[in-house]
Structures are given as C-alpha cells and as structure tokens.
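Asks: The number in the numbering used here is simply the position in the sequence shown, starting from 1, with 38 added.
Pasting a structure here, questions to come.
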Amino acid sequence: MHDALLDIIGFMSRPEPDVALMSEMAMPLERALLPLLVRIDRRGPIGVVELADLVGRDYTTVSRQVARLDELGLVVRRAGTRDKRVREAEVTELGREMADAIDRMREELVGELMADWTNAERRDLARLLKRVAADMNEWVARRKLEDAE
Numbered sequence: 039m040h041d042a043l044l045d046i047i048g049f050m051s052r053p054e055p056d057v058a059l060m061s062e063m064a065m066p067l068e069r070a071l072l073p074l075l076v077r078i079d080r081r082g083p084i085g086v087v088e089l090a091d092l093v094g095r096d097y098t099t100v101s102r103q104v105a106r107l108d109e110l111g112l113v114v115r116r117a118g119t120r121d122k123r124v125r126e127a128e129v130t131e132l133g134r135e136m137a138d139a140i141d142r143m144r145e146e147l148v149g150e151l152m153a154d155w156t157n158a159e160r161r162d163l164a165r166l167l168k169r170v171a172a173d174m175n176e177w178v179a180r181r182k183l184e185d186a187e
C-alpha cells in the first residue's frame, strides 16, 4: 500500500498534468500555485502556517506564494477570525472559478485514467480513499494535541 500511495503522490506532484492543465486554460499561474489555490478554496479561510502544513512546504515559501495569489486577485488576505494576529487567505470569486476549473480538468484526467473501471469500482475507491484520508487527518490532529501537551 505504501508503494501505491507514493506512486499516487508522485503522479499528482508531477509537472506534466498541471502544465497540460494550464496550457488548456491559458492560466497566468506558476505551477506551484495550483495546489495552494485549491487548498485555500477547500479549507479557507486558512492561515499560512496551516496551509504550509497541509501542502508540506516551508512557511516562508507558502507566504510568498499566497502573496502572489493575492496579487493576481485569486485570494484575499485578512486578519484571522479567531486570532487577529494570524493572516488568513480566502479565495475570491475569480479564485473560486479558477479552482472549479482546475477541479473539472483533474476530474477529466482521472476519468481518462479510469475509463475501463466500473462505477462500483470508482465508488469503492473513492470511499476507501476518503477513509484513509480521514484516518491520516485524525492521526495528525492527535499528534498536534500530544505535542501541545
């Protein structure tokens, strides 16, 4: 299973799918900004530290990249709702449209990759991946609590 997860992560991290996506959409985005925009859309408003944690990148790098998304009008940054010291990013309407377009293009790619799968196989995979992801997120949350104590 570990090998399969590494292969999936590796595929999703490869530049080719995102480069193809951007060429079809004529997006003015650097490739590194795509996963950030999608995560901010799904999890926002979100602080830069939490976002950096989610994407496995350095806080300072993510901060610069979020600033770039802000410059492009795809996100806005503001004081946090729970902690005013934390700057949170949230997608704009334009950012949401772009994230939706990214989602559609990636769904098409997955559809191509799984063209010979049955609907039941696709549902089973989606259900099991969601379960693994939920367990992983729970593990991270528990570790953070333990570290805080």
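The beta-carbon is built from N, C-alpha and C at its ideal position, and this holds for glycine as well.
If Val129 sits next to Gly82, beta carbons under 8 Å apart, how far is it from one beta carbon to the other, in whole angstroms?
Replies: 6 Å between Cβ atoms; contact.
Asks: Compute the distance between the beta-carbons of Asp79 and Gly133, then report whether it is under 8 Å.
Replies: Yes.
Asks: Does the beta-carbon distance from Arg125 to Ala137 come in below 8 Å?
Replies: no
Asks: Are the beta-carbon atoms of Pro53 and Arg69 separated by less than 8 Å?
Replies: The beta carbons of Pro53 and Arg69 sit closer together than 8 Å.
Asks: Look at the alpha carbon of Leu183 and the alpha carbon of Thr98, and state the distance between them as a whole number of angstroms.
Replies: Rounded to whole angstroms, Leu183 to Thr98 spans 24 Å at the Cα level.
Asks: Under the rule that 16 or more other beta-carbon atoms within 10 Å means buried, what is Met60, buried or exposed?
Replies: buried
Asks: Between Glu135 and Leu67, what straight-line distance do the alpha-carbon atoms span, to the nearest angstrom?
Replies: 14 Å
Asks: Out of curiosity, what's the CA-to-CA distance linking Gly111 and Glu131?
Replies: 9 Å
Asks: Contact defined as beta carbons within less than 8 Å: I believe Val104 pairs with Leu74. What is the distance between those atoms, to the nearest angstrom?
Replies: 7 Å
Asks: Tell me, to the nearest whole angstrom, how far the beta carbon of Glu62 is from that of Met143; I am working on the premise that it is less than 8 Å.
Replies: 7 Å
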